[in-house]
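Undergrad:
Protein chains in written order, with UniProt numbering: chain S, 1 to 338; chain Y, 1 to 338.
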């Protein structure tokens, strides 16, 4: 039962309490930040899902520990606020990063509902940590590398059409995708639907890595392919990483290339390819592309044809054509490629 | 000039070298993990972009330090491999997480090109860290919370149409989006194009946060809106966070709600709404949605109509209709909402 969220009318305690939203990373002591560790040590009260509490057990002597099990994050946030209003320093822990499917959002929702503002004596600090996608990626190679997305397959709070639309959009646009909450005892069909949507755009042999309990005792890493993904051993503690159209698996490592082959001939001593320059946009980068499109249009190519060729909306092509290209070439310093 | 990438034919050193790809997080000592710090301390040689080297200066006494400036990541990776082949322990540092627009991908590309395999005496370890999107998010509130994407606006290695297609897809599918490399002295129009694409789908007043140098001396946080984004003060050290259609800014904090309002009436003591159950999928979750769609289809609604109503591909709707709904209701345990 969710406690009621009412404005604070009790007497303020002598010392103001504090809520620290701690991202503990994958859960091993090695991979916690100094500030995360410090925050838990500093706390009077530590609140969290029972599995995460276990991961930091060595830091909890003498503290009030509130273990939450199968209840909503809202309860934990309300309990944290009540304790902080009593003057306690509260560490509300999340695995990974508190801001990614963690306690940060729910806590602020509860705080706002309760009339809290940043001027309140109770202060709030969010301590960032490496999310599951970062930790899992580090164990399988370099699958992320470039543009990626995180999507939760949990439909407990999100309508399925919204999730499906997201899966289809990112599969079409060729992102590397991390699926959180991919499957549970109850939710077994969502991963099948995700596979169905991805197969509309990606090759069946697209690399997929499934990582469970990264950096923990029962760590397990499975490599498979998109067409086998739905049958793989996936559970509540798993993160699924789906490669993009360039991702490869070699020597047991999943690597998404950065795109150097677009610019450099890696077989020939790393020379830049014809028309390309180190430290400059690709010839097919924005300015080069705009010039090409303008030339095509000037030659009489219809906007609809351009839209199909580049797989971009016609109204977008029309709008960019209307805007003149004027770029400063202020310095000749090569740009850091990131 | 990129050194040549040839297989190793030199005599193997007595002790095998090691390459540690270290994600140092936002750059303050507080926010480094224990393992990241340890790896740098353990290293004989530390290689990195000059700005990141400065961030860990206190750990570098007695070490060989190789500062790279405006050159490609490939050079750093090649230098790391050469040093490791001489038996050195090499820390190759990235800000944030090495796997996210960092050194992990480029290093594996170089290693594979040089004929390295995991059986090689030179071992490779990736040490995960909080990426810029996690650190920046922690400073502005809870903007991520749920499904999000990271997109780099750097077209040095990626064609513009690919980037544009990604921006449009994630704007349509209502993700929270983190833009990396949003702007530089040379690349000033990409952010304008990103704004143009987002405005096709998002309200002009969609919250945007721009964070520079998170957790560092010159930290700066600006809140603005989508229609003002292109004019804002954005530089090479900035990360831009664009909210989704539910993101709000209240009391100077940017928060994307988790979706509890879909299930609970937060104004009324947190009661579940009619038809919803704690610990269970939403009535519009996958199974409920499939039942609804099947009922509509049985009543004679055309697949094309359903496709338009739910904004999903017609072939997807057709395929799911063909597959019977069979879900195990194995236990009655409420599911953790994540």
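Don't be surprised by glycine CBs; every beta carbon is placed ideally from N, CA and C.
Establish whether the CB of residue 74 of chain Y and some CB of chain S are separated by less than 8 Å.
TA: yes
Undergrad: Can you find a CB in chain S that lies within less than 8 Å of the CB of residue 85 of chain Y?
TA: Among the residues facing chain S, residue 85 of chain Y is not included, as its CB has no counterpart in that chain under 8 Å away.
Undergrad: On a Cα-Cα basis, can you pick out the residue from S:17, S:82 and S:25 that is closest to residue 346 of chain S?
TA: Outside the displayed span of chain S (1 to 338) sits residue 346 of chain S, for which this structure offers no information.
Undergrad: Run down chain S in chain order and give the residues with a C-beta less than 8 Å from the C-beta of residue 253 of chain Y.
TA: 108 and 118
Undergrad: Check this for me: beta carbons of residue 179 of chain Y and residue 199 of chain Y, under 8 Å apart or not?
TA: no
Undergrad: Do residue 154 of chain Y and residue 181 of chain Y have their CB atoms nearer than 8 Å?
TA: yes
Undergrad: Return the CA-CA distance between residue 166 of chain S and residue 173 of chain Y, expressed in angstroms with no decimal places.
TA: 5 Å
Undergrad: Using the Cα positions of residue 190 of chain Y and residue 314 of chain S, report the straight-line distance between them to the nearest angstrom.
TA: Cα to Cα, the separation comes out at about 18 Å.
Undergrad: Are the C-beta of residue 297 of chain Y and some C-beta of chain S separated by less than 8 Å?
TA: Under the 8 Å criterion on CB atoms, residue 297 of chain Y is classed as non-interfacial with respect to chain S.
Undergrad: Report the start-end ranges of each beta strand (DSSP E) in the segment 89-128 of chain Y that is 3 residues or longer and not cut off at the edges.
TA: 89-94 and 123-127
Undergrad: From what residue to what residue does the alpha helix (DSSP H) around residue 207 of chain Y run?
TA: Premise fails: residue 207 of chain Y lies in the beta strand (DSSP E), 207-212, not in any alpha helix (DSSP H).
Undergrad: Determine whether the Cβ of residue 156 of chain S lies closer than 8 Å to any Cβ atom of chain Y.
TA: Interface residue, yes.
Undergrad: Just to confirm before moving on: does the CB-CB distance between residue 197 of chain Y and residue 171 of chain Y stay below 8 Å?
TA: yes
Undergrad: Is the shortest distance between the beta-carbon of residue 18 of chain S and the beta-carbons of chain Y less than 8 Å?
TA: no
Undergrad: List, in order along the chain, the chain S residues whose C-beta lies closer than 8 Å to that of residue 193 of chain Y?
TA: 286 and 320
Undergrad: Rounded to a whole number of angstroms, what is the C-alpha to C-alpha distance between residue 194 of chain Y and residue 164 of chain Y?
TA: 7 Å
Undergrad: How many angstroms separate the CA atom of residue 286 of chain Y from the CA atom of residue 183 of chain S?
TA: Each residue's Cα considered, the two are about 12 Å apart.
Undergrad: Can you name, in chain order, every residue of its own chain whose Cβ lies under 7 Å from the Cβ of residue 249 of chain S, other than the five neighbours on each side?
TA: 207 and 223
Undergrad: Give the straight-line distance between the Cα atoms of residue 352 of chain S and residue 99 of chain Y, rounded to the nearest whole angstrom.
TA: Past the boundaries of the shown model lies residue 352 of chain S; chain S is included only from 1 to 338, so the question cannot be answered.
Undergrad: Is residue 304 of chain Y helix, strand or coil when you go by DSSP?
TA: helix
Undergrad: Which term fits residue 217 of chain S, buried or exposed, when burial requires 16 or more other beta carbons within 10 angstroms of its beta carbon?
TA: exposed
Undergrad: Would you verify that the beta carbon of residue 241 of chain S is, or is not, closer than 8 Å to some beta carbon of chain Y?
TA: no
Undergrad: Taking its Cβ as the centre, do 16 or more other Cβ atoms sit within 10 Å of residue 89 of chain Y, making it buried, or is it exposed?
TA: buried
Undergrad: Where residue 129 of chain Y and residue 143 of chain S are concerned, what is the direct C-alpha to C-alpha distance, given to the nearest angstrom?
TA: 15 Å
Undergrad: What residues from the segment 133-146 of chain Y come within 9 Å of chain S, judged by C-beta to C-beta, listed N to C?
TA: 133, 134, 135, 136, 137, 138, 139, 141, 142, 143, 144, 145 and 146
Undergrad: Exposed or buried, which one is residue 203 of chain Y when buried takes at least 16 other CB atoms within 10 Å?
TA: exposed
Undergrad: So the candidates are S:69, S:255 and S:301; which of them puts its Cα closest to the Cα of residue 361 of chain Y?
TA: Missing from the structure shown is residue 361 of chain Y; chain Y here goes from 1 to 338 and no further.
Undergrad: Can you give, in chain order, each stretch of the beta strand (DSSP E) that sits fully within the segment 13-99 of chain S and has at least 3 residues?
TA: 18-23, 45-49, 64-68 and 89-94
Undergrad: If you measure from the beta carbon of residue 308 of chain Y to each beta carbon in chain S, is any gap under 8 Å?
TA: no
Undergrad: Is the Cβ of residue 190 of chain Y closer than 8 Å to any Cβ of chain S?
TA: yes
Undergrad: Which one or two residues does DSSP pair with residue 141 of chain Y in a beta bridge?
TA: Y:254
Undergrad: At a CB-CB cut-off below 8 Å, which residues of chain Y make contact with residue 30 of chain S?
TA: 33, 34, 35 and 38
Undergrad: In the structure shown, what three-state DSSP assignment does residue 135 of chain S receive?
TA: helix
Undergrad: Please decide whether residue 281 of chain S counts as near chain Y, where near means a Cβ-Cβ distance under 8 Å.
TA: yes
Undergrad: Tell me which same chain residues have a C-beta within less than 8 Å of the C-beta of residue 14 of chain Y, skipping the five on either side of it?
TA: 87
Undergrad: Please state whether the Cβ-Cβ distance between residue 273 of chain S and residue 146 of chain S is less than 8 Å.
TA: The answer is no: Cβ separation not under 8 Å.
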